[in-house]
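Residue numbers (the working numbering): 2 to 375.
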Ligand SMILES: Nc1ncnc2c1ncn2[C@@H]1O[C@H](COP(=O)(O)OP(=O)(O)O)[C@@H](O)[C@H]1O
Ligand SMILES: [Mg+2]
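Here is the structure:
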C-alpha cells in the first residue's frame, strides 16, 4: 500500500490538513479584492495553502486563478511573457479563444502565437521584445481587461516573489507593477515567498513600491492538535495503528514543521506493519536525520568556527547570548563576533530572531546539530 503522507510537493485534498482560518482570510481577501502578501519560511505550506484555497473556490465560475512561479523566471522580459501566457491560459481551454484574447488585448505588442504537437499544452504567445519594453503596461493590464470583458474576477498568484530581487532593476520593476496593478478592480494578487527579511523589506518599507499594497499574512506552522489528528487519521485509513501520544511525539520532534511532520510520519508509517512502537519511532527519527545529514553537513562546512560556536550556544538554549558568561563559555571572544555571526546565520537562513530570541529555523537541522555538535 502507498504511504498516505506526502512531502516535497504541493499538497491539496487528503494530504492537506486544517489551515481553516488562513483559507477563510484568503477567501475573504479575494472576495473583497484585497491583495495578499503571504510570508513564511520555506516548506511551511504557502504554495499548498494557495492551491487548496483555489481548489475550494473551483466551483465558482466567476473566478479564475492563475499561477506564476518566479523560481524559473530570470528577468523582466521573461516575466511579461510568462504573465501573458498564464493569464490567457487560465481563462479558457479553447485555443481559438486564446488567440482571440491575445489579439484583441495585446494589439500594440502584436504577439505571435505558436502551437506545438499538442496544441493544448504547447501553446506559446511569443512577444516581440522591443515592442514589449515599450508597451509593458499593455501586458500588465491584460488580466483586468479580460476580467472586465468576461465579467469575471481573476486571482493572479505569484510564488517565490522575492526572486524579482534578482532582476536587473528590481525597484523600477516593482514600481511598474504597482503603478498598473493599483488600478485593477477585478484582479486580486497573492504574492508569496520564503525570504522573510527580503519580503518584509519589499512589503513593509515605506520607500518601497509594494508598501501597503495589501494584507500581509505571516503564515504560522500548523497547530499540534491538527497535525496529530491528521497523522492518526492517515494511519487509521491505511489499516495501521498509532496512539495519540505517538502521533504527538512525531509533531513535537519536528516542532510542528509541516514538511518534516509529513516526512517523519511517512518514515514511521513505512516501518510499521500493524502498530507503531517506541523502537519504530526512534528508528524513524534516525532515518530522518540520516536522510538529511548530507545536506546539513554541507551547510555546516560553509560556516566559520565562530558561527559554529555561536550555534552551539543557541542550541544549548542560552538566552543572554552576548553576556560575558556566554562569550567565555563558548569562546566567542567579543560581542562584535556575536552580532556578526548572528547576522551571517540570519542571512543564510539558519537562524531567525523573533522577539529578541534567536532560534533555529530548521528543527531537524537543530536536532542533528545537537546530536553531532553540541
Ligand atoms: N496544510 C497542510 N497539511 C499537511 N501538510 C502540509 C500542509 N501544508 C504543507 N504541508 C507539508 O509541507 C510541505 C511543503 O509545503 P509547501 O506548500 O510546498 O510549502 P512552501 O510553499 O511554504 O515552501 C508539503 O509537501 C507537505 O508535506
Ligand atoms: Mg512554495
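Don't be surprised by glycine CBs; every beta carbon is placed ideally from N, CA and C.
If you run the structure through DSSP and keep just helix, strand and coil, what is residue i?
i, result
"residue 109", "coil"
"residue 13", "coil"
"residue 18", "coil"
"residue 2", "coil"
"residue 195", "coil"
"residue 119", "coil"
"residue 354", "strand"
"residue 50", "helix"
"residue 207", "coil"
"residue 129", "coil"
"residue 361", "strand"
Taking 8 Å as the limit between beta carbons, can you name the residues of its chain near residue i, skipping five residues before and five after?
i, result
"residue 104", "112"
"residue 183", "214"
"residue 224", "19 and 257"
Got a sec: does ligand 1 put a non-hydrogen atom nearer than 7 Å to the Cβ of residue i?
i, result
"residue 271", "no"
"residue 4", "no"
"residue 366", "no"
"residue 114", "no"
"residue 256", "no"
"residue 195", "yes"
"residue 248", "no"
"residue 10", "yes"
"residue 219", "no"
"residue 259", "yes"
"residue 68", "no"
"residue 164", "no"
"residue 362", "no"
Just the C-alpha distance for residue i and residue j, rounded to the nearest angstrom, thanks.
i, j, result
"residue 318", "residue 297", "20 Å"
"residue 166", "residue 275", "50 Å"
"residue 20", "residue 131", "45 Å"
"residue 221", "residue 155", "26 Å"
"residue 188", "residue 157", "7 Å"
"residue 371", "residue 355", "21 Å"
"residue 73", "residue 151", "30 Å"
"residue 205", "residue 216", "11 Å"
"residue 1", "residue 29", "Look at the range of the chain in this structure, 2 to 375, and you will see that residue 1 is not part of it."
"residue 83", "residue 50", "22 Å"
"residue 137", "residue 100", "19 Å"
"residue 65", "residue 334", "58 Å"
"residue 115", "residue 146", "23 Å"
I'd like the list of long-range same chain contacts for residue i, defined as Cβ closer than 6 Å, with 5 residues on each side in sequence excluded.
i, result
"residue 197", "40"
"residue 202", "none"
"residue 261", "255 and 365"
"residue 163", "194, 196, 199 and 200"
Is residue i near ligand 2, judged by its Cβ being under 7 Å from some heavy atom?
i, result
"residue 41", "no"
"residue 160", "yes"
"residue 47", "yes"
Who are the near neighbours of residue i in its chain, counting only those whose CB is closer than 7 Å to its CB and skipping five residues on each side?
i, result
"residue 26", "218"
"residue 4", "267, 270 and 271"
Three CB pairs or more closer than 8 Å across the region 300-312 and the region 273-286: no
- prompt: Does the region 139-153 come close enough to the region 90-107 to have 3 or more Cβ pairs within less than 8 Å?
  reply: yes
message: Three Cβ pairs or more, each shorter than 8 Å: is that satisfied between the region 305-313 and the region 342-349?
response: yes
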